[in-house]
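Visitor: What follows is a single structure, and I will ask about it in a moment.
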Amino acid sequence: TLRREDGTWFRLIHSIQLSRPEDYLSIYQSGCNHSCLKCHSWHFSQIYSGDWLSTDDIAEKAVEYESKVTVWEPRERATMWHATDLCRHCGLCVTRGVRSALCPEKLKPEQILLSPQGYGPARNIIAFTGGDIACRPEFYAQATEKIKSSCSREMWVLLETNGYGLTPENLDVLAASGLDSFWLDIKAYDEKVYKELCGTTNKWILKAPEWIVDRGFVLEVLTLYIPGWVEVDQIVKIAELIESVDPWIPFTILAFFPAYRLLDTRRPTLTEMVKAYSAVKSVGLKRVKLGNCSVFVNTRGDWEKLLRLVGFKAIG
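In this note's numbering, the protein residues as written are 5 to 320.
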């Protein structure tokens with residue numbers, strides 16, 4: 005799903021959309037260096053799907069998107085984590101002229117756009133997501149350079165990654181290209197669990213946060229709560245690892261939902277997610293959110309309980 009012709013890199017791209025709740029242009033890649041049992045993008049990350057786009061084609065898409073941007077973020081906010089500080093994606097300010105009780109009230113209705121994934125702003129971030137081949141940093145480096153040279157204003161480039169390709173040497177290549185930020189998905193702390201869940205080792209993935217921060221990148225980390233696989237004990241160890249690098253690194257605990265080869269694994273409960281949140285906060289991390297809340301919150305009473313226990317700002 006990657007090739008090179010006359011010095012130009014080409015990547016098999018499944019689709020390109022203004023994604024929610026991230027509120028940035030997401031480039032969904034086909035082909036990945038992991039084979040995760042719980043992959044929610046398996047239909048294109050594990051299967052050949054899409055069209056071949058060159059790094060020049062990708063830069064053109066970035067220029068087209070630039071004209072639609074409604075929120076210009078500073079580099080330190082070039083993350084998914086910061087998106088819900090601005091918008092809760094209900095669309096009520098546009099469709100009914102009112103704001104929901106959870107609205108951050110930071111944007112005007114004219115800054116809210118409808119994309120295939122729902123309502124929200126368009127932030128000045130281009131993200132590579134879906135399949136991950138950061139083990140070939142030359143592609144991302146060339147794409148980053150062309151995006152930045154083609155756009156007339158600051159466009160941040162983010163790589164959503166499992167971290168497998170983020171060796172010091174590869175990070176140096178990406179730093180030289182101007183790539184800005186990483187959404188690092190640490191899928192498990194225990195290596196045995198990681199191998200069974202993803203098919204690879206996580207030895208250097210656990211070192212990646214320090215390497216990333218040392219090179220001046222923006223970093224956010226997320227971990228999926230998977231009952232029976234990755235629960236509070238492992239999530240706390242990941243949090244301790246992140247805290248040792250920088251307690252202000254944004255951290256999201258995502259709720260698992262059955263997908264791909266883990267269709268028989270249950271979803272986490274509200275109680276389990278709140279327990280994980282509290283345990284992570286006790287480690288010392290300053291920026292913690294819960295994600296995929298609709299997975300474990302089913303009633304108005306559940307929402308009220310969640311808000312009471314963790315607060316408005318902890319809901320991603």
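Note that beta-carbon positions come from the ideal geometry of N, C-alpha and C, so glycine has one too.
Please classify R79: does DSSP put it in a helix, a strand, or coil?
Guide: As a first step, residue 79 must be located in the sequence shown, where it is residue number 75. Helix at R79.
Visitor: Please give me, in chain order, every unbroken run of the alpha helix (DSSP H) with length at least 4 that falls completely inside the segment 257-312.
Guide: 274-287
Visitor: On a CA-only basis, which of P262, S153 and L183 is nearest E142? Give me that one, please.
Guide: Walking along the sequence shown from the start, residue 142 turns up at place 138. Ranking the options by Cα distance to E142, first place goes to L183.
Visitor: Please classify Y144 as buried or exposed, where buried requires at least 16 neighbouring CB atoms within 10 angstroms.
Guide: By 1-based counting over the sequence shown, the position of residue 144 is 140. The residue is buried, with at least 16 neighbouring Cβ atoms inside 10 Å.
Visitor: Taking L163 as the reference, which of R157, D176, I130 and K152 has the closest Cα?
Guide: Looking up residue 163 in the sequence shown gives position 159. Of R157, D176, I130 and K152, the residue nearest in Cα terms is I130.
Visitor: Whole angstroms is fine: what's the gap from Q238's alpha carbon to L294's?
Guide: Within the sequence shown, residue 238 is the residue found at index 234, counting from 1. Within the sequence shown, residue 294 is the residue found at index 290, counting from 1. Roughly 16 Å between the two C-alpha positions.
Visitor: Where does the unbroken beta strand (DSSP E) through V225 begin, and where does it stop?
Guide: As a position in the sequence shown, residue 225 is number 221, starting the count at 1. Note, V225: beta strand (DSSP E), V222 to Y229.
Visitor: Run the CB neighbour count on D136, radius 10 Å, all protein chains shown included, and call it buried at 16 or more, exposed below.
Guide: The residue labelled residue 136 in the question sits at position 132 within the sequence shown. Label assigned to D136: buried.
Visitor: By the three-class DSSP mapping on this structure, what secondary structure does A131 have?
Guide: One-based indexing of the sequence shown puts residue 131 at position 127. If DSSP states are grouped into helix, strand and coil, A131 belongs with the strands.
Visitor: Can Y69 and G54 be called in contact, C-beta distance under 9 Å?
Guide: Within the sequence shown, numbered from 1, the residue matching residue 69 stands at position 65. Within the sequence shown, numbered from 1, the residue matching residue 54 stands at position 50. Result no, Cβ atoms of Y69 and G54 do not sit closer than 9 Å.
Visitor: I need the DSSP call for D176, collapsed to helix, strand or coil.
Guide: Taking the first residue of the sequence shown as 1, we reach residue 176 at position 172. Three-state result, D176: helix.
Visitor: Given 8 Å as the limit, is there contact between the segment 220-230 and the segment 239-256, that is, 3 or more CB pairs closer than that?
Guide: Three or more beta-carbon pairs separated by less than 8 Å link the segment 220-230 to the segment 239-256, which places the two stretches in contact.
Visitor: Can you check which of these residues, A243, V217 and E9, is closest to G288 by C-alpha distance?
Guide: Taking the sequence shown and counting its residues from 1, the one referred to as residue 288 is at position 284. Comparing Cα-Cα distances from G288 to each of A243, V217 and E9, the minimum goes to A243.
Visitor: Within this structure, are the beta carbons of F260 and T273 separated by less than 9 Å?
Guide: To locate residue 260, count along the sequence shown from 1; it is residue 256. To locate residue 273, count along the sequence shown from 1; it is residue 269. No, the Cβ-Cβ distance between F260 and T273 is not below 9 Å.
Visitor: Does the distance from the CB of V225 to the CB of T256 come in under 9 Å?
Guide: Taking the first residue of the sequence shown as position 1, residue 225 is located at position 221. Taking the first residue of the sequence shown as position 1, residue 256 is located at position 252. Cβ atoms of V225 and T256: closer than 9 Å.
Visitor: Between the Cα of D27 and the Cα atoms of A318, V301 and W85, which residue gives the shortest distance?
Guide: Translated into positions along the sequence shown, residue 27 becomes position 23. When each option's Cα is compared against that of D27, the closest is W85.
Visitor: Measure the CB-CB distance between T74 and Q121 and report whether it falls below 9 Å.
Guide: Start at 1 with the first residue of the sequence shown, and residue 74 comes out as number 70. Start at 1 with the first residue of the sequence shown, and residue 121 comes out as number 117. No.
Visitor: When you compare only the Cα positions, how much space is there between I253 and R271?
Guide: Taking the sequence shown and counting its residues from 1, one reaches residue 253 at position 249. Taking the sequence shown and counting its residues from 1, one reaches residue 271 at position 267. Spanning the two alpha carbons is a distance of roughly 26 Å.
Visitor: Hey, could you find the ends of the alpha helix (DSSP H) D61 is sitting in?
Guide: Along the sequence shown, read from residue 1 onward, the residue named residue 61 stands at position 57. D61: member of the alpha helix (DSSP H) spanning T59 to E70, first to last residue.
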